Amino acid sequence: MRKIIILIGVSLLILFSCYIVFDDSSLTREEKEYLKHKKEIVFVSQINYPPFEFLSDRLESSGMMVELARLMSTEFGFESRFINTTFARAQQMILNGEADVLTSFFFSEERNKKFNFTKVVFEIPASIFVKQDNDDIKKLSDLHGKRVAIQKGDYAIDFIKSKGIRIDLIETDDFIMATNKLIKGEVEAVIGDDQIIFYYLSRNNLVSELKVVGEPLYIGENCMATRKSEKILVSILNKGINLAKKKGYLDSINRKWIGERVTFAKYMKKFFGLMLIPLSILLLIVFVFWIWNLNLRKRVEERTKQLSEKNKELALNNSKLNAILSASPDGIGVMNMNMELVFISDKLAKMYKIEPEKKFEYLNKNITDFVDESYRDKMMKNISDIFEGKKYWNLSEYLVRDAYGEQFWVEVSSSLLYDDAQKPYGILFVERDCTERKRIEQQLLDYNEKLKENNRALNELKTKEEEANIAKSNFLAIISHELRTPLNGVLGLLELIHKDPERFNEFFPVILSSGEQLRVLINDISDLTKVEQGKLELVEKRFSISNFINEIVSYAKIKIQDSNLELVVDIEQFEGYLEGDAVRLRQVVYNLINNAIKYTDNGFVKVVIRKLFENDKIMRIYFEVTDTGIGISPNDIDNIFKPFKRLDGSYTKKRYGSGIGLYISKAILNMMNSNINVESEVGKGSKFYFKLDLKRSIPDSEIKEEISDEIFNLKALVVDDNKINLFVAENMLAKLGVAVDFAENGMVAIEKVSNNHYDFIMMDLQMPEMDGLEATRRILDMGKDVKIFAMTANVYKDDIQKALNAGMVDFCPKPFTLSFLKSLLSRHFK
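The numbers in this note's numbering rise by one with no breaks, and the one at position 537 of the sequence shown is 1150.
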């Protein structure tokens, strides 16, 4: 009997040890040191979030979460201070370091990136509230286009966006303001936490005003939260929550503010708690009875007890599982070792658009049937690694297909399931739809790639701009040199003539050559400007091809006279007339001849002109200029046709030039539907050639205009504000027998015309007080019968057209020659 009593005592000790649990609420040394140095913990709460937190009539912080915080302060012995503000401001205070703990905050993955959350304190469902007489809104999709009030910063805003529902959002500082807007009819619905809104309605006798429609949208996990860096503080808060649960404080707080909501699980837990001691005594009696009973009876009773306990455990686990599945926002499933589905949660079925009544038809199907073919190998590899023990847990993303074959993205976390014998029997997996996140990620990747492309383009533009600036600087230096060299010849020799007039005939050819060099340079710069502005134009006229070729040969002979080079001419016999811009074509060939002579020290320059093809409509002509000069390297061939580029950086007296001749020549030929080609070898010479199609002209008698040498008995008025221009014009016109009068601007010209008769007027366009265009219009308005010629350095088409529109009949470009004036007067007075 004594042994039986000892056995009963030992059994009682084992049973009552169920009440002794590991104390997970004790603070560590590090946590105690933290509180010691911290001295005060600042809690921030919402002003109006009853019953969890609000500002009481006495303006004190109150509510369930505030009481929990005060309990922690008392139990752990730290000073606490409470601040009440709006929900949005409370979050900002935590992030800014103005407060330590946010007393009430729903957990979400997005918020978890910025805040550190404690374990869940309360689970709070969120629902749609409407007025009692509203029958239009019955489910979430009915909110589309409706005015809906939601507390500013609440998780419901992110939830609505994730579901693709477009609402007319009205944000309020708290749920109470949102509820009042609904009661007043300012909005059509409110999305909020059930307990907060019901608490407010019941306290103010407003329950009959509103109703809940549909199922809860989600179950909110109400936690406390800190800054991301406050890991120790979160650990202290979690131990405070454990302590409150362990000692029953949390249940007391819940009953005080809300009242106990009895569920089957709670009832069973309470029932077993009250019956634990009587059952323990009963079990002891049964145990002693087993000892006294036969061995077979003892085994049967023991087995019966084991089965009973197992059933209770299974029932409790099933209840917990259903609660987890209902609260989880994700889809949950289980597969066996053959990768066949053995469980599908309602939310997982909804995600794959599986109708509830057909959910069981998908059991025993292989999990890979739902995965897009491009991701099946990846899933097979991950599942195989888990089965083989290479991984205990896995997080992956897959492209899957729903029951209707539509693709979407899921994020899947999975882990191995073990039975009581620790043998694996399947895999638990949790899926979340991440299609929207993947779409945004792809947009960000595309945007990032576009930024890279833009940066590359900007860098290329910057490099080209820097190269252009360097080239322009070099070009300006070259042009400056080209201008100064002939200008020095003109000014220097004129000074010598002034001191020694007898040497005029000696110096005059040099002065004339320098002036011609200046004129060519200015024409090149003018052509360059026209090309870059797209204003270079061709003037097609009838010309004699034989005369044109004779001019080319004569020019080449004259240019090569002062060199040691041989001129080789290979030209066919040409006859007839062609249509084209002979002036521009001559400019191209002259430029090629000049370059060949310039860059050749010894040997020859060869000019080839041949007829490739002809019929009654066109003649195709081949032009070639070859030299035995310095040649061009392959790297420089492309550069010689670019503006502001020269063959090299050297500059000698022999190889003067602006470096823009080839660029202009290429532009002219392109306008003529041709292109210039080059073949060259350094040290051996170069060959430039092109082909050109010219229209044939109807053959008729050749018309030759000969300018008479007779004197013009005319009277002219020259209008220019530059005295040198007046001096040159006076002397040239005097040589032609023209009496000249002068005016320095447009106003003086009008006065002189009103008092005198002139046969023609040479009018500068740009002058002070009154320009030439305005003066021309006023003179013609006076009814004077006089021809007015534009005398200008601006020879662009727009400027010429402006002069013609003003009433001028012809133009005289500066600088002009005596032969040009002869031709101009002959056209209008002979």
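C-beta: ideal position from N, C-alpha, C; glycine also.
All values reported here derive from a predicted model rather than from experimental measurement.
Using the rule of at least 16 other Cβ atoms within 10 Å of the residue's Cβ for burial, across every protein chain shown, is residue i buried or exposed?
i            : result
residue 785  : buried
residue 653  : exposed
residue 1034 : exposed
residue 840  : buried
residue 1389 : buried
residue 1411 : exposed
residue 1414 : exposed
residue 1443 : exposed
residue 997  : exposed
residue 1108 : exposed
residue 1428 : exposed
residue 1117 : exposed
residue 815  : exposed
residue 679  : buried
residue 1433 : exposed
residue 852  : buried
residue 1431 : exposed
residue 1053 : exposed
Using 7 Å as the threshold, is the C-beta distance between residue i and residue j below it?
i            : j            : result
residue 1185 : residue 1233 : no
residue 1279 : residue 1254 : yes
residue 1419 : residue 1386 : yes
residue 759  : residue 799  : no
residue 1327 : residue 1361 : no
residue 729  : residue 843  : yes
residue 1032 : residue 1038 : yes
residue 738  : residue 809  : no
residue 764  : residue 787  : yes
residue 1392 : residue 1308 : no
residue 715  : residue 703  : yes
residue 1438 : residue 1303 : no
residue 1202 : residue 1165 : yes
residue 741  : residue 757  : no
residue 1210 : residue 1154 : no
residue 854  : residue 732  : yes
Restricting to Cα atoms, I'd like to know which of the options is closest to residue i.
i            : options               : result
residue 1245 : 1277, 1230, 1208      : 1208
residue 1286 : 704, 1294, 1198, 942  : 1198
residue 692  : 655, 1053, 1310, 1344 : 655
residue 663  : 1433, 726, 676, 1428  : 676
residue 774  : 697, 1341, 1429, 754  : 754
residue 992  : 975, 1010, 1001, 1388 : 1010
residue 984  : 1016, 957, 969        : 1016
residue 769  : 744, 1030, 803, 736   : 803
residue 895  : 1117, 1157, 918       : 918
residue 717  : 762, 1421, 789, 767   : 767
residue 1135 : 1274, 645, 1082, 1203 : 1274
residue 1452 : 1179, 1417, 988       : Past the boundaries of the shown model lies residue 1452; the chain is included only from 614 to 1443, so the question cannot be answered.
residue 857  : 638, 970, 989, 762    : 638
residue 813  : 1104, 871, 707        : 871
residue 1162 : 1196, 1292, 995       : 1196
residue 1346 : 690, 869, 1330, 1334  : 1330
residue 1042 : 961, 1425, 1071       : 961
residue 657  : 1205, 688, 706, 845   : 706
residue 646  : 821, 1401, 845        : 845
Quick check on residue i - is its C-beta less than 7 Å from some C-beta in chain D?
i            : result
residue 1357 : In the structure shown, chain D cannot be found, because there is only a single protein chain.
Quiz prompt | Complete runs of the beta strand (DSSP E) confined to the segment 1013 to 1061 [at least 3 residues] | solution = 1020 to 1031, 1037 to 1046
Quiz item: Are there three or more Cβ pairs, one per stretch, closer than 8 Å when the segment 790 to 804 is compared with the segment 709 to 719?
Solution: no
Practice problem: For the segment 979 to 995 and the segment 949 to 963, state whether three or more C-beta atom pairs, one from each stretch, are separated by less than 8 Å. | Solution: yes
Exercise. Check whether the segment 1365 to 1384 touches the segment 1393 to 1402, counting contact only when three or more Cβ pairs, one atom from each stretch, lie closer than 8 Å.
Key: yes
Quiz prompt | Any 3 or more C-beta pairs closer than 8 Å across the segment 659 to 674 and the segment 821 to 834 | solution = no
Quiz item: With a cut-off of 8 Å, do at least 3 Cβ pairs link the segment 1210 to 1220 to the segment 1185 to 1200?
Solution: no
Quiz item: Do three or more CB pairs link the segment 683 to 692 to the segment 742 to 758 at distances below 8 Å?
Solution: no
Self-check item: Runs of alpha helix (DSSP H) wholly within the segment 693 to 754 (minimum 4 residues, chain order)
Solution: 700 to 709, 722 to 725
Quiz item: Is the number of C-beta pairs between the segment 1376 to 1383 and the segment 1322 to 1340 that are closer than 8 Å three or more?
Solution: yes
Exercise. Any chance you could list the alpha helix (DSSP H) runs of at least 4 consecutive residues sitting entirely within the segment 1395 to 1420, in chain order?
Key: 1410 to 1419
Exercise. Starting from the N-terminal side, write out each stretch of the beta strand (DSSP E) that is 3 residues or longer and does not extend beyond the segment 1157 to 1226.
Key: 1179 to 1184, 1190 to 1193
Quiz item: What alpha helix (DSSP H) runs, 4 residues minimum, are completely inside the segment 933 to 980?
Solution: 959 to 964
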